[in-house]
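Undergrad:
There are 2 protein chains.
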Amino acid sequence: MTRPGGRSARVRDAVHEAVVDLLAAGQIDAAIPKIAAHAGVNPTSIYRRWGSRDHLLVDAAVTRLRTTSPIPDTGSLRGDLAGWAEGVERSMRDRHGQVLLRALVATMAPDEEPIEYLKARGDDLQRTLDAAAARGEPVPSVDEVLDFVLAPLYLRVLFRRPVEPGIGARLVERLLTAL
Amino acid sequence: MTRPGGRSARVRDAVHEAVVDLLAAGQIDAAIPKIAAHAGVNPTSIYRRWGSRDHLLVDAAVTRLRTTSPIPDTGSLRGDLAGWAEGVERSMRDRHGQVLLRALVATMAPDEEPIEYLKARGDDLQRTLDAAAARGEPVPSVDEVLDFVLAPLYLRVLFRRPVEPGIGARLVERLLTAL
DNA sequence: TCCTTAAGGCAATTCGATTTGCCTTAAGGC
DNA sequence: GCCTTAAGGCAAATCGAATTGCCTTAAGGA
Chain A
-19 MTRPGGRSAR VRDAVHEAVV DLLAAGQIDA AIPKIAAHAG VNPTSIYRRW
31 GSRDHLLVDA AVTRLRTTSP IPDTGSLRGD LAGWAEGVER SMRDRHGQVL
81 LRALVATMAP DEEPIEYLKA RGDDLQRTLD AAAARGEPVP SVDEVLDFVL
131 APLYLRVLFR RPVEPGIGAR LVERLLTAL
Chain B
-19 MTRPGGRSAR VRDAVHEAVV DLLAAGQIDA AIPKIAAHAG VNPTSIYRRW
31 GSRDHLLVDA AVTRLRTTSP IPDTGSLRGD LAGWAEGVER SMRDRHGQVL
81 LRALVATMAP DEEPIEYLKA RGDDLQRTLD AAAARGEPVP SVDEVLDFVL
131 APLYLRVLFR RPVEPGIGAR LVERLLTAL
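In order, the protein sequences belong to chains A and B.
Residues in the first sequence are numbered consecutively from -19, following the working numbering.
Residues in the second sequence are numbered consecutively from -19, following the working numbering.
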């Protein structure tokens, strides 16, 4: 039986927080004993629960990203996408967000299948587009949204180019006028 | 005095090749002694020359990327960009290219200034655009080229989405019709 | 409340990466 | 061809991460 409550949850959260803090502090390759020390937890617990530093990083990144920048329901596709893009933009301006995105990319070995989280995000997007289509709005494909909006935002972060304020909304505008 | 020729060059090439081979073989986190063994070189040499695994990875990645996908001079902006994009596309379909791009992103700590290689690539692009402008062609900005063409290609690789054949040329077309 | 057992802590051990001092090799200027 | 010295190799010593067996704690169902 699995025990999500109480202590387990406390340890998990403490470790996730330690990961994010250390990454944000520039300790990109802090090893497990160091992370454990920051979390006030025994290294063994981390080894047993996550097995490897990579698994831990992905878990921490996904856990945090999951709660960030949901797609709102504003009644118009333009509003939905702009709201979402602004959320992404905001989280990418935050140092923690940047570092986790980088860690996520870094630990995704090639040719494994896409991470579950990413697929879930794509599905969210598809639902939003379907709803807009049902309202009779002209809609882009998921791929187009990713190409026009997410890719430029992520590239800015990953290659250390500036994330200018309002860039999210502007990218959405560019997408919708290209339809 | 620095000695680029002969043995030094041989060691450097052997180590670079070992890095690429190991990465491509899925040994993402092969440590320095392992890399050294593959290169037929003493670990000490690597420690002394590159200092850390990260420096070595970035060096290997940049060295390889530098020789890949130059911007051709075809006489038209469309041709130049399409040629370049196809080169990028090709190198991204190659497993070595994928792995190195990922390694490059992974080891770029945030908030250091952009890597010299990336700036150089931006300058190349700017020159190509300037030449086209001088011929009287309508030209996008460097940022637009990166947003429309490079970002979507790189996102596909980094997030393990398929790089469909001809995608590079199609992205260029999308950019030029948006002008 | 009591009991079962999943999960965390501790400590000893193993294992491999990193460092360092010294020696050997071979670029590259003369 | 000779000489200087940058760069590579070797081996010993260190240092810390990872592993493992055993014990303790505390979820969570009865």
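We put the beta carbon where it would ideally sit given N, CA and C, even for glycine.
Note that this is a predicted model, so its numbers are computed, not measured.
Just to confirm, are Ala131/B and Leu45/A a CB contact at a threshold of 7 Å?
TA: Cβ distance not < 7 Å, so Ala131/B and Leu45/A don't count as in contact.
Undergrad: Using the three-state DSSP reduction, which class does Pro120/B fall into: helix, strand or coil?
TA: If DSSP states are grouped into helix, strand and coil, Pro120/B belongs with coil.
Undergrad: For Gly6/B, count the other beta carbons within 10 Å of its own beta carbon; 16 or more makes it buried, fewer makes it exposed. Which is it?
TA: When all chains shown are included, Gly6/B counts as exposed.
Undergrad: Using a Cβ-Cβ cut-off of 7 Å, state whether Ala158/B counts as contacting chain A.
TA: Yes, contact with chain A.
Undergrad: Interface residues of chain A around Ile8/B at Cβ under 7 Å?
TA: By Cβ distance, chain A contributes Ala89.
Undergrad: Straight-line CA distance for Gly31/B to Leu155/A?
TA: If I take the Cα positions, the gap works out to 45 Å.
Undergrad: Compare the C-beta of Pro132/B against all C-beta atoms of chain A and say whether one is closer than 7 Å.
TA: Closer than 7 Å: yes.
Undergrad: Taking C-beta pairs closer than 8 Å, name the residues in chain A that Asp1/B reaches, listed in chain order.
TA: Near Asp1/B there are no residues of chain A at all, since even the closest Cβ is about 14 Å away, more than 8 Å.
Undergrad: Might you give, ordered along the chain, the residues of its own chain that have their beta carbon closer than 7 Å to the beta carbon of Gln106/A, omitting 5 neighbours on each side?
TA: Taken in chain order, the residues that qualify are Val122.
Undergrad: Along chain B, which residues have their Cβ under 8 Å away from the Cβ of Ala40/A?
TA: Simply none; closest approach about 15 Å.
Undergrad: Using a cut-off of 7 Å between C-beta atoms, extract the partners of Leu126/B located in chain A.
TA: The contacting residues are Leu135.
Undergrad: I want to see whether chain A comes within less than 7 Å of Leu98/B, judged by CB atoms only; does it?
TA: With 7 Å as the cut-off, Leu98/B counts as an interface residue toward chain A.
Undergrad: For the alpha helix (DSSP H) that contains Ala(-6)/A, what are its first and last residues?
TA: Its alpha helix (DSSP H) spans residues Gly(-14) to Ala4.
Undergrad: With contact counted as at least three CB pairs below 8 Å, one residue from each stretch, are the stretch -1 to 18 of chain B and the stretch 75 to 88 of chain B in contact?
TA: Flag = yes, the stretch -1 to 18 of chain B and the stretch 75 to 88 of chain B touch.
Undergrad: Note down, in chain order, each residue of its chain lying with its Cβ closer than 7 Å to the Cβ of Asp39/A, except the 5 sequence neighbours on either side.
TA: Cβ within range, chain order: Trp30.
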